[in-house]
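**Student:**
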Amino acid sequence: MKILFNKIFFISLLFLVSCSKSDEQSNQVDITPSINNIELFVSSGEVVIGTTVLFTAFDNTGKNRTSEATFYVNDAEISSSSYTFSDIGEYEIHAKVQNIKSQTEEIIVNPTPIEYKQYVLVEDYTGTWCGYCTRVSYAIEQVEKETDDAIIIAIHQGDEMAFGLVNSMMNTFGVTGFPTALIDRTSRWAAPEPNNITQVTGKLTNKAYAALAIDSSLDGDMLTIKVKLKLGYNYKALKLGLYILEDGIKYDQKNWTSYYVGDPLKDFEHNHVLRKAVTGVLGDQIPSDKLGHDKEYEKEYQYVIPSEFNKDKIKMVAFVTEASKKETINVRSSKIGETQTFEK
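So the number in this note's numbering is just where the residue sits in the sequence shown, counting from 1, plus 1228.
1. So the alpha helix (DSSP H) N1395 belongs to, where does it begin and stop?
2. On the DSSP bridge assignment, give the partners of E1320 in chain order.
3. Taking the C-alpha atoms as reference points, what is the distance between K1572 and D1522?
4. In terms of residue numbering, what span does the beta strand (DSSP E) encompassing T1549 cover?
5. Sort K1291, C1361 and A1505 by Cα distance to W1484 and report the nearest one.
6. Using the Cα positions of Q1370 and I1321, report the straight-line distance between them to the nearest angstrom.
7. Using DSSP bridges, identify the partner residues of E1536.
8. Closest to V1506 by CA distance: which of F1547, G1476, P1515 and A1436 is it?
9. Tell me Q1513's beta-bridge partners as DSSP assigns them.
10. Rounded to whole angstroms, how far is the Cβ of K1458 from the Cβ of A1438, which I believe are closer than 8 Å?
11. Expressed to the nearest angstrom, what Euclidean distance is found between the alpha-carbon atoms of M1389 and N1423?
12. What is the DSSP secondary structure of R1413, reduced to helix, strand or coil?
13. Can you tell me the Cβ-Cβ gap for I1379 and M1397, rounded? I've got them flagged as a contact below 8 Å.
14. Could you check where the beta strand (DSSP E) with E1351 kicks off and where it finishes?
15. Near G1386, which residues of its chain fall below 7 Å by C-beta distance, leaving aside the five closest residues on each side in sequence?
16. Could you tell me which of A1441, T1414, S1561 and N1327 sits nearest to I1266, measuring between CA atoms?
17. Any idea what DSSP makes of L1432, helix, strand or coil?
18. Reducing DSSP to helix, strand and coil, say where F1237 ends up.
19. Apart from the five residues just before and just after G1278, which ones in its own chain have a Cβ nearer than 8 Å to its Cβ?
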């Protein structure tokens, strides 16, 4: 009898536990995070006409909701998650998922850029006291044998040709030793430079969306310079710079390389020597109303050539950079009396 009672008790206990678990499971609620925010991403915020931009939508949990989202361009519903812009202008994009609206993103559509001839700028930080600087001098000679489209500026420190703002330029561009040569103010020409000529000439294959031209005339010691700029892109902010250079200056040069014979090199000819920054060393800001696709800008400067300079050896270098960056977009060199046109 006792055994029968124990069995009945055990079975009853199992039944109670089973019912308890079943009831507990039946009362469970599957909690799905609620959507209260949609974030829109666009593949590019500024494009040229004819470009297709991709749109993506995520909810506040990080789940990709693109497939169920509806996208709008200037409040007009589109049928997919991409859009090809066939007109220039500014567009506002937003998305909706389950009637929840995302933030609005702006896309600027520019005209097709106009391409111009690309020049490359090489700035050589040097000095007559620097025995290894002749390595760069030799490399520049090799570049000039290959192309006329490399514009050279020799920036001297600590010698008779020292440029007054050289230390400021060195600080700005991170130059800490000699020799140092910068390409378009951003890339350091890798040593040994004579072995890396293509690092300079390769830049000439880039696309340029700005062109420069220089006109000049000399009246006595007064040099009048007109710098002209033609834009093929909607740049937001640009700076225009103008330097005066001199060729054919002879001073003894220390030489610790095998590229030339002798140390020092007697009456070594120094070319492309930076004499004067007519503008700020980084250039001067171009008025914003002068910027835009297919617009032209020109600026006239005057410079009195010092008596100790050789007028026959003077030349000018103009360059243009984006105001927020240091890299040159394009550069041009000219001798006194030349009249230049924009080159494509």
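The beta carbon of each residue, even a glycine, is placed where N, CA and C say it ideally should be. Only a predicted model underlies this, so the values are computations on that prediction, with no experimental measurement involved.
**Tutor:** Put simply:
1. Taking the sequence shown and counting its residues from 1, the one referred to as residue 1395 is at position 167. That run of the alpha helix (DSSP H) goes V1394 to F1401.
2. To locate residue 1320, count along the sequence shown from 1; it is residue 92. BP columns for E1320 point to E1334.
3. Locating residue 1572 in the sequence shown gives position 344, where the first residue counts as 1. Locating residue 1522 in the sequence shown gives position 294, where the first residue counts as 1. The alpha-carbon atoms of K1572 and D1522 are separated by roughly 13 Å.
4. For this step, residue 1549 is matched to residue 321 along the sequence shown. Its beta strand (DSSP E) spans residues I1542 to E1550.
5. The count along the sequence shown starts at 1 and reaches residue 1484 at position 256. For the options K1291, C1361 and A1505, the alpha carbon positioned closest to that of W1484 is the one of C1361.
6. Position 142 of the sequence shown, counted from the first residue, corresponds to residue 1370. Position 93 of the sequence shown, counted from the first residue, corresponds to residue 1321. Straight-line Cα distance between these residues: approximately 52 Å.
7. Within the sequence shown, the letter at position 308 stands for residue 1536. Partner(s): none; E1536 has no beta bridge.
8. Locating residue 1506 in the sequence shown gives position 278, where the first residue counts as 1. Nearest C-alpha to V1506: F1547.
9. Working through the sequence shown from its first residue, we reach residue 1513 at position 285. DSSP output for Q1513 lists K1467 as bridge partner(s).
10. For the purposes of this step, residue 1458 is taken as the residue at position 230 of the sequence shown. For the purposes of this step, residue 1438 is taken as the residue at position 210 of the sequence shown. About 7 Å; that satisfies the 8 Å criterion.
11. Taking the first residue of the sequence shown as 1, we reach residue 1389 at position 161. Taking the first residue of the sequence shown as 1, we reach residue 1423 at position 195. Approximately 28 Å, taken between the alpha carbons.
12. In the sequence shown, the residue the question calls residue 1413 occupies position 185. The DSSP-derived three-state label of R1413 is coil.
13. For the purposes of this step, residue 1379 is identified with residue 151 of the sequence shown, where counting begins at 1. For the purposes of this step, residue 1397 is identified with residue 169 of the sequence shown, where counting begins at 1. No, I1379 and M1397 are not in contact; Cβ-Cβ is about 16 Å, not under 8 Å.
14. The residue you call residue 1351 lines up with position 123 of the sequence shown. Unbroken beta strand (DSSP E) run through E1351: V1348 to T1354.
15. Translated into positions along the sequence shown, residue 1386 becomes position 158. G1355 and W1357.
16. In the sequence shown, counting from the first residue as 1, residue 1266 sits at position 38. When only C-alpha atoms are compared, the closest one is N1327.
17. Indexing the sequence shown from 1 puts residue 1432 at position 204. Looking at L1432 - three-state DSSP - the assignment turns out to be helix.
18. As a working note, residue 1237 is residue 9 in the sequence shown. The pLDDT assigned to F1237 is 40, lower than 50, so where the model puts this residue is not dependable; a value taken from the coordinates is nonetheless given after this. Three-state DSSP puts F1237 in a helix.
19. Working through the sequence shown from its first residue, we reach residue 1278 at position 50. Excluding positions up to five away in sequence, the list reads T1312, F1313, S1314 and T1340.
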